[in-house]
Amino acid sequence: MLQADKQVLLAGVKRSALELRQKELDFNVERYTNLATQASVIAGFSFESLVELEVPEGTHWALAGMYFIFGSCAMALALYCLVVASFACVFGHRLALQGPHGSLEIAVSILIAHRQHIFSVGGLSLVCLVLAAVLMSWIKMGAAAGVVTLIFLIFAAATFHRMVHMARVFEIKDIDLVTGAVRIADPSSRGAGVDLARLNPGSRKVAPAVATPPQPKQERYQPLLDEEEAPKKKRSSGLGWFSPKSSQDEGSSSTAYPQGGGMPGRHPPGSAAGSEGGGGGGGGAMITHEGHLYKKGDGTSALGTGNVFRRRYFVLKDGRLFYFKTWEDYGSGGKATNLKEPIEMHRYEAKILDAHDGPNRFDLVPTDNPLERKWELQAATPSDLADWLDVLQQTRTAALARHGLTEGRSLEAPVLRN
């Protein structure tokens with residue numbers, strides 16, 4: 021009952037934080053929409069000027085050519101701005117609404133990252149339109165166009181000066197900028213904050229921590245932690261398929277992390293991952309890690325989709341790698357898809373692939389028998405790729421030491437899979 025009430029509380033907190041993020045998304049979408057409207061006006065003016073202007077006979081070819089060049093540039097840049105801004109609004113909203121966990125923050129970040137580029141293109145299209153108007157006056161009015169040119173130059177200088185002045189008046193320093201991220205301080209994390217909008221109430225994402233000596237068990241309230249910072253807690257659900265017997269057979273009943281073996285910059289406070297003792301067998305402690313990866317099928321699907329990368333939830337525990345179809349399957353205590361044949365890390369080595377094979381791609385290559393299956397995996401981001409490669413390498417080293425093996429020497433011949 022308490023667990024259910026806690027989940028409801030965290031879900032309500034996250035919902036309130038996401039409402040603020042939604043306001044930030046609406047603000048950026050509105051700016052893009054306004055820019056698209058102005059770009060459509062500029063494109064209309066440019067098209068009209070290119071179609072309706074009749075160049076008088078005797079006009080110098082360079083003057084007429086420059087006019088059509090600037091007019092075409094104004095139209096092309098305005099259309100580019102119109103299309104990209106509209107595309108960003110439509111797909112940004114779609115990502116925020118229908119995307120996976122954290123998609124709202126991703127949509128806001130993308131809109132902010134591309135904002136300066138698109139607004140610069142819109143401003144450049146306006147400059148080209150003004151230059152085309154100046155050249156039009158020289159084509160139509162001859163020497164009298166000098167007065168028109170002077171007017172446009174004064175207009176350009178005054179506009180630039182006023183824009184710079186207003187930018188300074190309305191400037192918000194980076195340190196004072198308020199975003200939709202709602203952060204709370206965690207006293208146990210040395211001043212680190214947690215973004216409530218990114219909080220995943222049911223997340224079991226694990227980051228390694230430095231191993232510590234065994235401490236007396238104490239019941240404490242669990243602080244609100246970001247899904248990227250949540251420490252590993254001993255759970256009674258979701259791990260039913262890890263029997264105590266199997267852990268003892270492997271020589272370790274802990275989820276401790278090797279001293280200094282964690283990923284840099286990711287040592288969450290109060291982690292229970294290293295508080296239950298080290299691993300047995302003289303091989304050091306084993307790492308526990310969880311997260312989403314994309315897995316390529318083995319090509320045996322009857323529907324012809326066996327070679328497609330699909331998103332799966334992977335759990336690394338006691339030197340073995342398991343995967344579930346979804347995180348919900350794992351969180352509800354379901355069985356791993358490869359429960360009967362887990363990926364034994366002392367038999368596999370993680371190798372990163374070149375960029376032309378796909379972004380963030382790596383393989384788990386069998387080291388004992390080349391006829392065994394090669395697991396083709398892909399991380400969502402370069403950061404996730406670095407994290408997985410780090411923990412898999414550490415796990416393999418510890419697993420080899422625990423089994424009394426070294427690189428290139430196996431305990432027994434592997435069983436070939438059909």
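Residue numbers are given in this note's numbering: position 135 of the sequence shown equals residue 155, and the series is strictly consecutive.
Here a beta-carbon is modelled for each residue, glycine too, at the ideal position from N, C-alpha and C.
- Nearest neighbour of Trp158 by Cα position, chosen from Ile372, Pro76, Ser36 and Ala400, turns out to be Pro76.
- For Lys360, the secondary structure class from DSSP, reduced to helix, strand or coil, is coil.
- In its chain, beyond the 5 residues on either side, Tyr333 have a beta carbon closer than 7 Å to the beta carbon of Thr346.
- From the listed residues Ala24, Leu97, Thr169 and Ala419, the smallest Cα separation to Ile307 is found for Ala419.
- Excluding five sequence positions before and after Leu373, the CB atoms of its chain that fall closer than 8 Å to its own CB belong to Arg381, Phe382 and Asp383, given in chain order.
- In the three-state reduction of the DSSP assignment, Val335 falls in the strand class.
- Rounded to the nearest angstrom, the gap between the Cα atoms of Gly311 and Val335 is 7 Å.
- In its own chain, leaving out the 5 sequence neighbours on each side, no residue places its CB closer than 7 Å to the CB of Gly64.
- By the 16-neighbour rule on beta-carbons within 10 angstroms, His376 is exposed.
- In this chain, the beta strand (DSSP E) harbouring Ala370 covers Tyr368 to Ile372.
- If you draw a straight line from the Cα of Ser403 to the Cα of Val150, it comes to about 46 Å.
- Contact between Arg188 and Asn48 is absent: CB atoms are separated by about 22 Å, not below the 8 Å threshold.
- In this chain, the alpha helix (DSSP H) harbouring Asp407 covers Pro402 to Arg422.
- By the CB criterion at 9 Å, Lys316 and Leu397 fall inside the cutoff.
- His312: member of the beta strand (DSSP E) spanning His309 to Lys316, first to last residue.
- Under DSSP, Leu341 shares a beta bridge with Leu336 and Ile363.
- With contacts defined by Cβ atoms closer than 9 Å, Phe329 and Tyr314 form a contacting pair.
- In the structure shown, Arg188 falls within a helical segment according to DSSP collapsed to helix, strand and coil.
- Taking 8 Å as the upper bound for CB-CB distance, Arg340 and Glu364 are in contact here, some 6 Å apart.
- Residue environment for Ala37: buried (at least 16 other C-beta atoms within 10 angstroms of its C-beta).
- Rounded to the nearest whole angstrom, the C-alpha separation of Ala399 and Phe172 is 54 Å.
- Per DSSP, Arg51 is one residue of the alpha helix (DSSP H) stretching across Leu22 to Glu72.
- Taken through DSSP and simplified to helix, strand or coil, Asp377 comes out as helix.
- With respect to the 9 Å criterion, Ile62 and Ala98 are classified as neighbours on the basis of their beta carbons.
- Fully contained in the stretch 116-166 are the following alpha helix (DSSP H) runs of length 4 or more, in chain order: 123-161.
- In the DSSP assignment, Glu396 falls within the unbroken beta strand (DSSP E) covering Trp395 to Gln398.
- The beta carbon of Met156 sits closer than 7 Å to those of Ser69, Leu73 and Tyr87, all from its chain and outside the five residues before and after it, given in chain order.
- Under DSSP, Phe329 takes part in a beta bridge, and its partners are Lys316.
- In this model, Phe175 and Val168 are separated by some 10 Å (Cα to Cα).
- In this structure, Ala105 lies away from Thr179, with their beta-carbon atoms at least 9 Å apart.
- With respect to the C-alpha of Leu412, the residue from Arg393, Lys371 and Pro379 having the closest C-alpha is Lys371.
- Gly351: member of the alpha helix (DSSP H) spanning Trp347 to Gly351, first to last residue.
- Excluding its 5 nearest sequence neighbours in each direction, Leu102 has C-beta neighbours in its own chain below 7 Å: Ala56, Ala59, Ser60 and Ala63, listed in chain order.
- Ranked by how close their Cα comes to the Cα of Leu146, the residues Ser92, Leu30, His181 and Gly351 have Ser92 in first place.
- For Leu170, the closest of Val184, His181, His185 and Val154 by C-alpha to C-alpha distance is Val154.
- Put simply, of Phe90, Ile138 and Met95 the residue whose alpha carbon is nearest the alpha carbon of Phe107 is Ile138.
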